[in-house]
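Quick notes on the structure that follows.
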Amino acid sequence: MFLHAQEVNTARRLLSTATAQHFDLIVIGGGSGGLSCSKRAADLGAKVALIDGVEPTPHGTTWGIGGTCVNVGCIPKKLMHQAALVGKELKTAEAYGWNGINQSAITHDWNVLVQNVNDRIKGNNWVYKVQLNQKKVKYFKAFAEFVDKTTIVVTSADKKKTETVLTASKIVISTGLRPRYPECVGRELGITSDDLFSLPKAPGKTLIVGAGYVALECAGLLAGIKQEVEVLIRSRPLKEFDQDCVKLVMEHLKSTGVKVREGSEVAKVEAVGEKKRVTFTGSGHVEEYDTVIWATGRSPKMASLKLSAANVKLEEQSGKILADEHDRTSTEGIYAIGDVVKGRQELTPLAIQSGKLLADRLFDNSKQTVRFDGIATTVFTPLELSTVGLTEEEAVKKFGSDAIEVYHSHFTPFEFVVPQNKDGEFCYVKAVCLREAPQKVLGLHFVGPNAAEVMQGFAVAFRVGITYSDLELTVAIHPCSAEEFIKLNITKRSGKDPKPQGCCG
């Protein structure tokens, strides 16, 4: 009976293609990649439709156009990270001569922060709509479903559920990822980062389950605004990052008051009034929290797209789309960009560049593709970790330990000196190079304040293939943290102490 109804529905939709709206390009997904691709294609003269609908979380959270980064990812995360840094600066103000700051009277208002952050997000949503309108991109706040490789049925996201048929010879899928929920009893009692940044009240005592950047960033920003935080880590934290750096990041995170529970998992979660009672595996330890946050990774959520109708192939284990270096899927005329593609780093700027360059290839005869190696990224923990290129572990595996030279140094940022900020004990830089002259730089790693600002310029240099000699012969900007890369002169191989001897050493 179900199959018959489905066949009738499909036939009805196919009959309606006579009144379909035709476009040069249909983009499914209004996140960073989809917006970039649709706007660029429109600039190049293409007639473009952009389809974007957000399925509410199990707790009812939804948002506007802009995707994860703008609404529930990078933007609110960075703003709340900044809130935590401001609180930390208040503690050091007196050392710089600022009077009248009563440390015992300092409190934080979660609702003010959430209101201001979400006002900023809504402002971004409005700007994107204006831009699409100006570029004559047809925006559908709706959900997409493939009928065949050139035909899409869109169903409006409002209560009317209005259906419209669209056709195009070129279709781009950029639907991103959504947080995963664990397979445990009571998992629905936990939230994810999709819900965190708009919570109606402060999360209070919080358990964060996960070992990746989302888990650690959330832990750091919540601890920074005076919430009690515990992180549950089943395996190695930040396993894709340089482990010398990760060790320092974790030690510093603990120094901020974040508790770390290792080698265990959540067996079940139970509601006890407004509390969440968590039972852990192994010891069977039980503890109550105000909030439980699942941060155990992200997965595609594309069942409603009916990709099989267009013969778009997925990687079986991850459920992600298989695409080549030109963003072409298994079906001619259908492309995929961003996090939803197997093997791509889950980074907003990568999706943006992928979207722009794809539009250039489709509508401007460009041959330029994205270079997927050597992409810089930053973890916005209380003490930030930024990196580009290979970790020491990756370099050893690829070239062998005898073929690489590792230059490293601990340092104390100049702004930490007067208030005698102990965070300086955790700051560190590392350059992983080939040992043979001219010692090409394979990877750069930085743990310290403003790490992203430091690494961005070095990422440009890394892209063009700098060497250790280039670092050594560059005249430093003094005094600043970025100059620590220029001052590197101690190798791990030497066994010498990498701690600095003075500010001009």
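Under my numbering, the first residue of the sequence shown is numbered 9, with each subsequent residue one higher. Even glycine gets a Cβ: it sits at the ideal position worked out from N, Cα and C. Remember, it's a predicted structure, so these values are computed and weren't measured experimentally.
Item to check | C-alpha gap between Glu400 and Ile498, whole angstroms | outcome: Those two C-alpha atoms are separated by around 15 Å.
Next on the checklist: Within 10 Å of its beta-carbon, does Arg379 have 16 or more other beta-carbons around it, so buried, or fewer, so exposed?
Outcome noted: Under this definition Arg379 is an exposed residue.
Checklist entry - Do the stretch 215–229 and the stretch 298–306 touch if we need at least three Cβ pairs shorter than 8 Å? => result Because the criterion of three Cβ pairs below 8 Å is met, the stretch 215–229 and the stretch 298–306 touch.
Item to check | Delimiting residues of the beta strand (DSSP E) encompassing Val237 | outcome: Its beta strand (DSSP E) spans residues Val237 to Ile241.
Item to check | Lys99 - DSSP class collapsed to helix/strand/coil | outcome: In this structure, Lys99 counts as helix in the three-state DSSP scheme.
Item to check | Ile360 beta carbon less than 8 Å from that of Ala344 | outcome: Cβ atoms of Ala344 and Ile360: not closer than 8 Å.
Checklist entry - Skipping 5 residues on each side, what residues in its chain have a beta carbon closer than 6 Å to that of His418? => result Within the same chain, Tyr436, Pro506 and Lys507 come within 6 Å of His418 by CB-CB distance, once the 5 residues on both sides are set aside.
Checklist entry - Who does Asp156 pair with in a DSSP beta bridge? => result Per DSSP, Thr159.
Checklist entry - To the nearest angstrom, how far is it from the Cα of Cys441 to the Cα of Asp51? => result Using only the alpha carbons, I get a separation of about 42 Å.
Next on the checklist: Our contact map puts Ala318 next to Asp156 with C-beta atoms below 8 Å; I'd like the distance itself, whole angstroms only.
Outcome noted: Right, their Cβ atoms sit about 6 Å apart.
Next on the checklist: Contact between the stretch 174–192 and the stretch 347–358 is defined here as three or more beta-carbon pairs at a separation below 8 Å; is this criterion met?
Outcome noted: Because the criterion of three Cβ pairs below 8 Å is met, the stretch 174–192 and the stretch 347–358 touch.
Item to check | Alpha carbon of Pro446 to alpha carbon of Phe470, nearest angstrom | outcome: In this structure, the straight-line span from the alpha carbon of Pro446 to that of Phe470 is close to 14 Å.
Checklist entry - Do you know whose CA, among Ala490, Glu491 and Val449, lies nearest Thr475's CA? => result If you compare the alpha carbons of Ala490, Glu491 and Val449 with that of Thr475, the shortest gap goes to Val449.
Checklist entry - Using a Cβ-Cβ distance under 8 Å, would Leu230 count as near chain B? => result Included in the structure is just one protein chain, with no chain B present.
Next on the checklist: Taking the alpha-carbon of Gly271 as reference, which of Phe288, Asp250, Phe151 and Pro64 has the nearest alpha-carbon?
Outcome noted: Comparing Cα positions, the closest option is Phe288.
Next on the checklist: What residue range does the alpha helix (DSSP H) around Phe371 cover?
Outcome noted: Membership of Phe371 in the alpha helix (DSSP H) is indicated by the continuous run Thr356 to Phe371.
Checklist entry - Alpha carbon to alpha carbon, what distance is there between Ala26 and Cys82? => result Distance between the alpha carbons of Cys82 and Ala26: 42 Å.
Item to check | For Arg188 and Gly281, believed in contact at Cβ under 8 Å, the rounded distance | outcome: By a beta-carbon distance limit of 8 Å, Gly281 does not contact Arg188. Their separation comes to about 27 Å.
Checklist entry - Does DSSP classify Asp32 as helix, strand or coil? => result Note: Asp32 maps to strand in three-state DSSP.
Checklist entry - By Cβ distance, which residues of its chain are closer than 7 Å to Leu261, with the 5 residues on each side in sequence left out? => result Around Leu261: Leu224, Ala227, Gly228, Thr389 and Pro390.
Checklist entry - For the alpha helix (DSSP H) that Phe470 lies in, which residues bound it at each end? => result Following the DSSP letters along the chain, one finds Phe470 inside the alpha helix (DSSP H) bounded by residues Ala459 to Arg471.
Checklist entry - How should Pro457 be labelled, buried or exposed, when 16 other C-beta atoms within 10 angstroms of its C-beta is the threshold for buried? => result By the neighbour-count definition (other C-beta atoms within 10 Å, threshold 16), Pro457 is a buried residue.
Item to check | Ile179 and Gly95 closer than 8 Å at C-beta | outcome: No; because the gap between Cβ atoms is not below 8 Å, this pair is not in contact.
Next on the checklist: Using only the alpha-carbon positions, how far apart do Ser502 and Cys253 sit?
Outcome noted: Computed Cα separation, rounded: 19 Å.
Checklist entry - Which residue spans inside the stretch 169–206 form an unbroken alpha helix (DSSP H) run of at least 4? => result With a minimum length of 4 residues, the continuous alpha helix (DSSP H) runs that stay inside the stretch 169–206 are 201–204.
Item to check | Buried versus exposed call for Pro84 [16 or more other C-beta atoms within 10 Å across all chains shown] | outcome: Around the beta-carbon of Pro84, 16 or more other beta-carbon atoms lie within 10 Å, marking it buried.
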